[in-house]
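2 protein chains.
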Amino acid sequence: MDLIVGGGVVGLSVAWRLGRSGAKVTVIDPAPASGASHAAAGMLAPVSEVSYTEEPLLRLGLAGLSRWPAFAAELEADSGLALDYRTQGTLDLAFGGDDMAALEELAAFMDKLGLPVRRLTGRECRRLEPMLAPSVRGGVLAEGDAWVDPRRVTAALLAALERAGVPLVRRRVTELVRDGSAVVGVRLAPPSPGASTGLPGPSAGSPGDVLLGERVVLAAGAWSGELTGLPVRPVKGQIMRLRSPSPLLGRCVRGMVHGSPIYLVPRGDGELVVGATQEELGFDTSVTAGGLYELLRDARELVPGVTELQVADIVAGLRPCTPDNLPLIGPYGPGLALATGHHRAGVLLAPLTTALLHGEEGELAALCSPQRFQTAGQGSI
Amino acid sequence: MDLIVGGGVVGLSVAWRLGRSGAKVTVIDPAPASGASHAAAGMLAPVSEVSYTEEPLLRLGLAGLSRWPAFAAELEADSGLALDYRTQGTLDLAFGGDDMAALEELAAFMDKLGLPVRRLTGRECRRLEPMLAPSVRGGVLAEGDAWVDPRRVTAALLAALERAGVPLVRRRVTELVRDGSAVVGVRLAPPSPGASTGLPGPSAGSPGDVLLGERVVLAAGAWSGELTGLPVRPVKGQIMRLRSPSPLLGRCVRGMVHGSPIYLVPRGDGELVVGATQEELGFDTSVTAGGLYELLRDARELVPGVTELQVADIVAGLRPCTPDNLPLIGPYGPGLALATGHHRAGVLLAPLTTALLHGEEGELAALCSPQRFQTAGQGSI
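Chains as they are written, first to last, in the working numbering: chain V, 1344 to 1724; chain Z, 1344 to 1724.
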């Protein structure tokens, strides 16, 4: 039995993939699909997401993107649910001369990588997306980029797991249980009063008890550091969902406004996602007046028509961030594997993460190996 | 039996006052205390609320304010609930030279009325309220102004009515029922499925039925026009509640920012209310990106520290507005009285409204008489 700690997009994807390959798995999460995956916009845009100095992250992102078509098709078939997976690309926009120079750098970089890219004048941008502000001076269309609705993805994963009979334990994990240096299970916090424990049948044990397994896969996002001592820290993102009677945009648009990046992601059902702040405030998920103000101010600069839209949802999530911005994926001592630290790329890298844990893509796996942060005091391989 | 149509701050106040004077009353509202009263900030600030050309409204407001201390004390005693009624005044702020001139006009006008007023420099304003922006150039403190938490007021009224055994019928009124020219009752919409009808005992009748009474008091806010043909229209206000670990302000502050009025109302529990937009959009209560943006932008100009506060609540309400901005209070044909059209002053005027319906304050009652809009085709006195 593999115990998957964490029911976000990464943990659920890992559980789904393991389950499909015949392994016995259990997912443990007090509130599945409610953390960073619930907040995420779902852009699958590896190139415009990273700076050109972060080449390892770019390679991971491109590998992640290439796995999405098959992942989406399989998951839709297995769950019977649509993911709103779309492939019309990302439009990066420039307002001033500095922005234009940065965009040209981006385009040249994509050329070098052999990725499909189109340089556009302001007028061409507005022909593509008529709701863009008149002040948009030019843009770069990353035609290979895609996006997906992360809430539909986690709902589909939960449905597929339920169909497959994978148990879901709605409890918080307080610590990893070890036998010598080997991880042999997890300790569960007492269930909250009145909550169904979701423990699987007679092997369940009593409240506060221990669940034993052959392997623990830690996919606990921003909370992964607390359970392992690894340097995973929360980076807060506030994000807003607007509702539009008819779609304002046909594709994702991004830009720098007042020095901060802003993006708008349209859904098939008229939802428009506006994100996101990046704040280092520890485990704080409050929605603040200042965060909201910045999102609204910057979104208006890109697409003035957003002011007419209804505010449907405002949430904050915590991205799990590592010191080198690369995820932690792979074995981390006997009985323990990690699938965490995905920072802004949890949705993009979820399909790749399952492959890496399966031992595929050896070269990329080396980039993500948790061993790079292993200190003397912690368990060895 | 008096039938009070509408369970906002006005309808509940009327019911409470009538009940205390020994009358038999029933309140009818599908969702009491959820409309404009739920959105309202609760400023009791008659002078700074009106332009100097609206003297009748000013006289009403001052009369309303003068009744609040006794109303608050009685309601707190009768309900056992605190209203967060506070009397530290309103601080009107100026940023530029034009604002300063307008403020001096306001102060001179208050002098003329014999109202307590203090002219303050920017520095004096910040001494009073240290969180104000450095760009505040001066202010006027209306020392007689007060404020109250409207949600506590309606909760207290509902509690007092329940204690007094006043029935509350949670149904929508679709029309007034007439016998000749006299109003003799109201027709109720069928109850929503699964809802408790709240109808009082055996006299209840079947769904869609009629409730009969000696008098109908219409206090249906923005919906009053639909039931009477009177010119009452909805004016939408979006308003935001922030949460502060410690209070940012000691009193209400107001100002003109980018040509639109903004106010901040502090509560004893750390809540800070930021309001409000004024939009003529019919019966639309959506919270929009543009409305939110304006509130946040303008609040930051007055009190930059609001950016740190948590967003607790955002709602939109519909103010019931008449062509001359004065309310409609008093008899309107046999069997019918009105208590509606209070626009921005429902909370301020609620105590006065009960007095006017009681036949007190004859001179003010004439200002509010619904007869001023009576046309040939409608019922006569």
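For each residue, glycine too, the CB sits at the ideal point set by N, CA and C.
Amino acids of chain Z, ordered along the chain, whose beta-carbon sits closer than 8 Å to that of residue i
{"i": "residue 1636 of chain V", "result": "1636, 1639, 1640, 1643, 1650"}
Residue from the options with nearest C-alpha to residue i
{"i": "residue 1583 of chain V", "options": "V/1370, V/1377, V/1676, V/1384", "result": "V/1384"}
{"i": "residue 1694 of chain Z", "options": "Z/1578, Z/1501, Z/1413", "result": "Z/1413"}
{"i": "residue 1714 of chain V", "options": "V/1564, V/1573, V/1373", "result": "V/1573"}
{"i": "residue 1484 of chain Z", "options": "Z/1528, Z/1391, Z/1612", "result": "Z/1391"}
{"i": "residue 1495 of chain V", "options": "V/1419, V/1472, V/1357", "result": "V/1419"}
{"i": "residue 1357 of chain Z", "options": "Z/1497, Z/1621, Z/1514, Z/1516", "result": "Z/1497"}
{"i": "residue 1469 of chain V", "options": "V/1624, V/1647, V/1671", "result": "V/1647"}
{"i": "residue 1437 of chain V", "options": "V/1696, V/1605, V/1411", "result": "V/1605"}
{"i": "residue 1663 of chain V", "options": "V/1389, V/1407, V/1678, V/1624", "result": "V/1624"}
{"i": "residue 1523 of chain V", "options": "V/1677, V/1363, V/1698", "result": "V/1677"}
Under 7 Å from the C-beta of residue i: neighbouring residues of chain Z
{"i": "residue 1629 of chain V", "result": "1653"}
{"i": "residue 1585 of chain V", "result": "1632"}
Collapsed DSSP secondary structure at residue i in the structure displayed
{"i": "residue 1584 of chain Z", "result": "strand"}
{"i": "residue 1367 of chain V", "result": "coil"}
{"i": "residue 1662 of chain V", "result": "strand"}
{"i": "residue 1653 of chain Z", "result": "strand"}
{"i": "residue 1443 of chain V", "result": "helix"}
{"i": "residue 1522 of chain Z", "result": "strand"}
{"i": "residue 1529 of chain Z", "result": "strand"}
{"i": "residue 1376 of chain Z", "result": "coil"}
{"i": "residue 1497 of chain Z", "result": "helix"}
{"i": "residue 1461 of chain V", "result": "strand"}
{"i": "residue 1707 of chain Z", "result": "helix"}
{"i": "residue 1357 of chain Z", "result": "helix"}
{"i": "residue 1453 of chain V", "result": "helix"}
{"i": "residue 1623 of chain Z", "result": "coil"}
{"i": "residue 1475 of chain V", "result": "coil"}
{"i": "residue 1713 of chain Z", "result": "helix"}
{"i": "residue 1470 of chain V", "result": "helix"}
{"i": "residue 1389 of chain Z", "result": "helix"}
{"i": "residue 1596 of chain V", "result": "strand"}
Residues that residue i contacts on chain Z, provided the C-beta gap is smaller than 9 Å
{"i": "residue 1633 of chain V", "result": "1639, 1643, 1649, 1650, 1651, 1652"}
Counted within 10 angstroms of its Cβ, other Cβ atoms place residue i as buried (16 or more) or exposed
{"i": "residue 1588 of chain V", "result": "exposed"}
{"i": "residue 1488 of chain V", "result": "buried"}
{"i": "residue 1455 of chain Z", "result": "exposed"}
{"i": "residue 1398 of chain Z", "result": "exposed"}
{"i": "residue 1378 of chain Z", "result": "buried"}
{"i": "residue 1464 of chain Z", "result": "exposed"}
{"i": "residue 1545 of chain V", "result": "Residue placement at residue 1545 of chain V cannot be trusted, given a pLDDT of 40 that sits under 50; the coordinates are not used to answer."}
{"i": "residue 1614 of chain V", "result": "buried"}
{"i": "residue 1507 of chain V", "result": "exposed"}
{"i": "residue 1686 of chain Z", "result": "buried"}
{"i": "residue 1493 of chain Z", "result": "buried"}
{"i": "residue 1553 of chain V", "result": "exposed"}
{"i": "residue 1579 of chain V", "result": "buried"}
{"i": "residue 1409 of chain Z", "result": "exposed"}
{"i": "residue 1528 of chain V", "result": "buried"}
{"i": "residue 1365 of chain Z", "result": "exposed"}
{"i": "residue 1682 of chain Z", "result": "buried"}
{"i": "residue 1472 of chain Z", "result": "buried"}
{"i": "residue 1716 of chain V", "result": "buried"}
{"i": "residue 1612 of chain Z", "result": "exposed"}
Contact list for residue i against chain V, beta-carbon separation under 8 Å
{"i": "residue 1657 of chain Z", "result": "1654"}
Start and end residues, beta strand (DSSP E) containing residue i
{"i": "residue 1603 of chain V", "result": "1603-1609"}
{"i": "residue 1430 of chain V", "result": "Element bounds for residue 1430 of chain V: n/a, residue is neither H nor E."}
{"i": "residue 1614 of chain Z", "result": "1614-1618"}
{"i": "residue 1690 of chain V", "result": "Careful: residue 1690 of chain V lies outside any beta strand (DSSP E), inside the alpha helix (DSSP H) at 1689-1700."}
{"i": "residue 1558 of chain V", "result": "1558-1561"}
{"i": "residue 1680 of chain V", "result": "1679-1683"}
{"i": "residue 1507 of chain Z", "result": "Neither: residue 1507 of chain Z is in no beta strand (DSSP E) and is coded neither H nor E."}
Alpha helix (DSSP H) segment containing residue i, residue limits
{"i": "residue 1571 of chain Z", "result": "1567-1571"}
{"i": "residue 1632 of chain V", "result": "1632-1645"}
{"i": "residue 1421 of chain V", "result": "1398-1422"}
Heavy atom of the ligand GTP within 7 Å of residue i beta-carbon
{"i": "residue 1466 of chain V", "result": "Judged by which ligands are present, the structure shown has none, so any question about the ligand GTP falls away."}
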